Amino acid sequence: MQHQGVKLVTIVCEAALERLIARDLIDEIGAKGYSVADVRGRGARGEQDARWAPSSNVRFEVLCEAERAQRVIDTLFAKYSKNYGMVAWMVDVEVSRGFNF
Amino acid sequence: MVIDPVVGFFVLGLAAGLMRSDLKLPSGLVDVLSIYLLIAIGLKGGVELSQSATPALAWTIAAAVLMSLGTPLVAYQVLRSIGRLPRPDAASIAAHYGSVSVVTFAVGASYLTRLGIPFEGYLTVLLVFLEFPALMMGVLLAKGISRDTPWHTLAHEVLAGKAIVLLVGALLIGWISGREGADALTDFYGGMFKGFLSLFLLAMGLITASRIGDLRQAGLFLVGFGIAMPVVSGVGGALVGYWLGLSPGGTMLLAVLYASASYIAAPAAMRIAIPEANPALSMGAALGVTFPFNVLVGIPLYHQFAQLVHAPSARILELWPLR
Numbered sequence: 780m781q782h783q784g785v786k787l788v789t790i791v792c793e794a795a796l797e798r799l800i801a802r803d804l805i806d807e808i809g810a811k812g813y814s815v816a817d818v819r820g821r822g823a824r825g826e827q828d829a830r831w832a833p834s835s836n837v838r839f840e841v842l843c844e845a846e847r848a849q850r851v852i853d854t855l856f857a858k859y860s861k862n863y864g865m866v867a868w869m870v871d872v873e874v875s876r877g878f879n880f
Numbered sequence: 022m023v024i025d026p027v028v029g030f031f032v033l034g035l036a037a038g039l040m041r042s043d044l045k046l047p048s049g050l051v052d053v054l055s056i057y058l059l060i061a062i063g064l065k066g067g068v069e070l071s072q073s074a075t076p077a078l079a080w081t082i083a084a085a086v087l088m089s090l091g092t093p094l095v096a097y098q099v100l101r102s103i104g105r106l107p108r109p110d111a112a113s114i115a116a117h118y119g120s121v122s123v124v125t126f127a128v129g130a131s132y133l134t135r136l137g138i139p140f141e142g143y144l145t146v147l148l149v150f151l152e153f154p155a156l157m158m159g160v161l162l163a164k165g166i167s168r169d170t171p172w173h174t175l176a177h178e179v180l181a182g183k184a185i186v187l188l189v190g191a192l193l194i195g196w197i198s199g200r201e202g203a204d205a206l207t208d209f210y211g212g213m214f215k216g217f218l219s220l221f222l223l224a225m226g227l228i229t230a231s232r233i234g235d236l237r238q239a240g241l242f243l244v245g246f247g248i249a250m251p252v253v254s255g256v257g258g259a260l261v262g263y264w265l266g267l268s269p270g271g272t273m274l275l276a277v278l279y280a281s282a283s284y285i286a287a288p289a290a291m292r293i294a295i296p297e298a299n300p301a302l303s304m305g306a307a308l309g310v311t312f313p314f315n316v317l318v319g320i321p322l323y324h325q326f327a328q329l330v331h332a333p334s335a336r337i338l339e340l341w342p343l344r
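In order, the protein sequences belong to chains E and F. Going by my numbering, the first sequence opens with residue 780, and the numbers climb by one from there. Going by my numbering, the second sequence opens with residue 22, and the numbers climb by one from there.
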């Protein structure tokens with residue numbers, strides 16, 4: 780395992796934003812990749828039920844170095860947090876060998 | 022009063038949701054059902070079109086679309102001045118009501134088929150063209166013509182969205198294949214249609230019940246709006262249908278189209294195009310009030326409107342016979 784100050788950034792937000800955030804991550808922020816999953820849950824903006832596409836959530840996970848991780852959060856929050864439900868967190872992770880970012 | 026069994030499934034879903042049953046239709050199933058419905062409706066329309074298309078149809082479509090823009094304009098005015106809603110919310114809700122609901126159309130068509138009342142095949146074409154102009158109008162109402170508006174994204178969202186792609190695609194396939202060519206598909210997309218529609222309505226009942234909380238945010242005004250607006254639009258649709266020379270069945274379906282509010286294409290498009298609008302309000306009104314109203318009360322009502330415009334004196338005499 781590598782110890783290189785790799786961060787895992789997780790963003791949970793409305794599913795409507797999926798395509799926009801995917802594009803931002805790669806084009807604007809320069810992340811090398813991401814994973815995205817459908818999730819459901821409850822938060823300040825009400826219950827997000829997975830049964831219906833317009834009101835479900837997605838969770839993005841991005842592995843990157845610390846400085847880019849902060850840029851991910853700052854950029855996305857500046858763009859979307861005013862009008863869309865969004866929450867993010869980051870943790871330190873150890874990554875498998877051969878991972879480039 | 023004869024109740025269409027598919028409507029019974031909607032009520033079942035609604036009841037199950039309200040009593041907090043653990044009944045749940047997996048989201049994948051709902052996706053498959055909506056894909057099926059869109060294809061089936063498009064295909065049928067295309068086959069009908071192959072039998073009866075004329076150049077005059079283009080004028081009918083243009084006229085129907087132009088008149089349909091009355092709905093978002095009226096809705097916006099009412100929501101702003103009487104409802105006192107902020108501009109983005111009023112515009113977003115207006116866009117929802119100006120657009121159309123494919124499922125409501127399907128229930129309406131099923132209603133007519135059950136009563137043996139024919140209707141013009143090209144109504145599916147109208148359905149396709151009525152889907153998106155109101156969405157553009159909604160954005161215009163919200164933002165005016167400004168450089169900020171993500172026209173590119175919005176156009177892509179709407180025109181490349183699932184609904185339009187499947188409807189137009191199936192329409193073309195049906196049109197090109199014609200009745201004989203599409204014959205092999207009739208069992209699946211024709212014969213089994215009502216069955217799949219019933220499952221979809223079961224899902225819609227559950228979903229509507231789960232969003233009942235939105236109504237609390239929407240408030241009494243939007244509940245009233247959700248009932249009054251479709252009725253007004255339904256009247257408008259019946260009048261336009263008669264003016265365009267549609268049959269009574271066709272007139273009724275045009276009224277259904279005008280009266281319906283989109284809750285698939287519109288919410289997705291509006292969430293991106295008008296981010297400041299609160300989706301709970303538009304979904305609460307369109308899905309929580311208007312959809313059940315249209316399915317339970319509206320469709321037979323618009324049928325009455327259509328009959329009334331086509332033979333007013335005969336119909337009035339039927340209702341109030343002279344003694």
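Yeah, the Cβ is synthetic: ideal placement off N, Cα and C, and Gly gets one too. On a predicted model such as this, the values are computed, not experimentally measured, just so you know.
Would residue 289(F) count as contacting chain C if we go by Cβ distances under 8 Å?
Reference to chain C is not applicable here, since the protein chains of this structure are E and F.
Would DSSP call residue 103(F) helix, strand or coil?
Locating residue 103(F) in the second sequence gives position 82, where the first residue counts as 1. Coil at residue 103(F), not helix or strand.
So that I know if they touch, is there some Cβ in chain F lying closer than 8 Å to that of residue 848(E)?
Here residue 848(E) is taken as the residue at index 69 of the first sequence, counted from 1. Chain F contact via Cβ: absent.
So, is the C-beta of residue 857(E) closer than 8 Å to a C-beta in chain F?
Position 78 of the first sequence holds residue 857(E). It does not: the Cβ of residue 857(E) has no partner Cβ on chain F nearer than 8 Å.
Is the CB of residue 845(E) under 8 Å away from at least one CB in chain F?
On the first sequence, position 66 is the one that residue 845(E) refers to. For residue 845(E), the answer is no, since every Cβ of chain F falls outside 8 Å of its Cβ.
C-alpha gap between residue 56(F) and residue 49(F), whole angstroms
As a position in the second sequence, residue 56(F) is number 35, starting the count at 1. As a position in the second sequence, residue 49(F) is number 28, starting the count at 1. Going from the Cα of residue 56(F) to the Cα of residue 49(F) covers about 11 Å.
Output needed for residue 184(F): all residues of its chain with C-beta closer than 7 Å, excluding positions within five of it in sequence on either side, in chain order.
Along the second sequence, one-based indexing puts residue 184(F) at 163. Only 59, 123, 152, 285, 286 meet the Cβ criterion.
Indicate the three-state DSSP secondary structure (helix, strand or coil) for residue 38(F) in the structure shown.
Within the second sequence, the letter at position 17 stands for residue 38(F). When DSSP states are grouped into helix, strand and coil, residue 38(F) belongs to the helix group.
Could you please give me the residues that DSSP links to residue 786(E) through a beta bridge?
As a working mapping, residue 786(E) is identified with position 7 in the first sequence. 843(E), 871(E), per the DSSP bridge assignment.
Roughly how many whole angstroms lie between the Cα atoms of residue 309(F) and residue 283(F)?
Translated into the one-based positions of the second sequence, residue 309(F) becomes position 288. Translated into the one-based positions of the second sequence, residue 283(F) becomes position 262. So the two alpha carbons sit approximately 12 Å from each other.
Residue 100(F) versus residue 158(F): straight-line alpha-carbon distance, rounded:
Locating residue 100(F) in the second sequence gives position 79, counting from the first residue. Locating residue 158(F) in the second sequence gives position 137, counting from the first residue. Going by the C-alpha atoms only, they are around 15 Å apart.
Could you say if the segment 293-308 of chain F and the segment 97-117 of chain F meet the contact criterion of at least three C-beta pairs nearer than 8 Å?
At 8 Å Cβ cutoff, the stretches touch.
Please report the residue range of the alpha helix (DSSP H) in which residue 135(F) lies.
Here residue 135(F) corresponds to residue number 114 of the second sequence, with the count starting at 1. From DSSP, the alpha helix (DSSP H) with residue 135(F) extends over 123-135.
Determine whether the Cβ of residue 836(E) lies closer than 8 Å to any Cβ atom of chain F.
Working through the first sequence from its first residue, we reach residue 836(E) at position 57. Taking Cβ atoms only, chain F never reaches closer than 8 Å to residue 836(E), which makes this a no.
Could you pull the start and end residues of the beta strand (DSSP E) that residue 814(E) belongs to?
If you number the first sequence from 1, residue 814(E) lands on position 35. Counting along the chain, residue 814(E) sits inside the beta strand (DSSP E) bounded by residues 814-818.
Which of the three DSSP states is assigned to residue 88(F) in this structure?
Here the question's residue 88(F) lines up with position 67 in the second sequence. DSSP places residue 88(F) within a helical segment (H, G or I) once states are collapsed to three.
Can the beta-carbon of residue 147(F) be found closer than 8 Å to that of residue 197(F)?
Here residue 147(F) is taken as the residue at index 126 of the second sequence, counted from 1. Here residue 197(F) is taken as the residue at index 176 of the second sequence, counted from 1. Their beta carbons are not under 8 Å apart, which means residue 147(F) does not touch residue 197(F) by this criterion.
Looking at residue 320(F) and residue 128(F), is the spacing between their C-beta atoms short of 8 Å?
In the second sequence, residue 128(F) corresponds to position 107, counting from 1. In the second sequence, residue 320(F) corresponds to position 299, counting from 1. Yes; because the gap between Cβ atoms is below 8 Å, this pair is in contact.
Residue-chain proximity (residue 297(F), chain E), Cβ-Cβ < 8 Å
The residue labelled residue 297(F) in the question sits at position 276 within the second sequence. Using beta-carbon distances, residue 297(F) counts as an interface residue toward chain E, with a partner under 8 Å.
Are the C-beta atoms of residue 292(F) and some chain E residue less than 8 Å apart?
By one-based count along the second sequence, residue 292(F) stands at place 271. True, the Cβ-Cβ gap to chain E drops below 8 Å.
Output the residue ranges of the beta strand (DSSP E) runs that lie fully inside the segment 140-203 of chain F and measure 3 residues or longer, sorted by chain position.
Listed in chain order, nothing qualifies, since the segment 140-203 of chain F has no complete beta strand (DSSP E) run of 3 or more residues.
6 Å Cβ shell around residue 252(F) - same chain, five flanking residues per side excluded:
Position 231 of the second sequence, counted from the start, is the residue given in the question as residue 252(F). So no residue of the chain qualifies.
Spatial neighbours of residue 331(F) in its chain, beta-carbon cut-off 7 Å, leaving aside the 5 residues before and after
In the second sequence, residue 331(F) corresponds to position 310, counting from 1. These residues qualify, in order along the chain: 263, 269, 272.
Rounded to the nearest angstrom, what separates residue 219(F) and residue 68(F) at their Cα positions?
The residue given as residue 219(F) occupies position 198 in the second sequence. The residue given as residue 68(F) occupies position 47 in the second sequence. Residue 219(F) and residue 68(F): Cα-Cα distance of roughly 23 Å.
Give every residue of the same chain whose Cβ lies closer than 6 Å to the Cβ of residue 118(F), excluding the five residues on either side of it in the sequence, and list them in chain order.
Taking the second sequence and counting its residues from 1, one reaches residue 118(F) at position 97. If the five residues before and after residue 118(F) are omitted, its C-beta is found closer than 6 Å to the C-beta atoms of 92, 96, 250, 282, all from its own chain and listed in chain order.
So, helix, strand or coil for residue 829(E), using DSSP?
Taking the first sequence and counting its residues from 1, the one referred to as residue 829(E) is at position 50. Residue placement at residue 829(E) is flagged as unreliable, the pLDDT there being 48, under the threshold of 50; the coordinate-derived value follows with that caveat. Coil at residue 829(E), not helix or strand.
Measure the CB-CB distance between residue 189(F) and residue 63(F) and report whether it falls below 8 Å.
Here residue 189(F) is taken as the residue at index 168 of the second sequence, counted from 1. Here residue 63(F) is taken as the residue at index 42 of the second sequence, counted from 1. Against a cut-off of 8 Å, the Cβ pair of residue 63(F) and residue 189(F) comes out as a contact.
Whole-angstrom C-beta distance between residue 818(E) and residue 838(E), which should lie under 8 Å
To locate residue 838(E), count along the first sequence from 1; it is residue 59. To locate residue 818(E), count along the first sequence from 1; it is residue 39. About 5 Å separates the CB atoms of residue 838(E) and residue 818(E); that is less than 8 Å, so the two are in contact.
Alpha carbon to alpha carbon, how far is residue 875(E) from residue 228(F)? Give it in angstroms, no decimals.
Here residue 228(F) refers to the residue found at position 207 when the second sequence is read from its first residue. Here residue 875(E) refers to the residue found at position 96 when the first sequence is read from its first residue. Their backbone Cα atoms lie some 42 Å apart in a straight line.
Measure the CB-CB distance between residue 788(E) and residue 843(E) and report whether it falls below 8 Å.
Residue numbering aside, residue 788(E) sits at position 9 when the first sequence is read from its first letter. Residue numbering aside, residue 843(E) sits at position 64 when the first sequence is read from its first letter. Yes, the Cβ-Cβ distance between residue 788(E) and residue 843(E) is below 8 Å.
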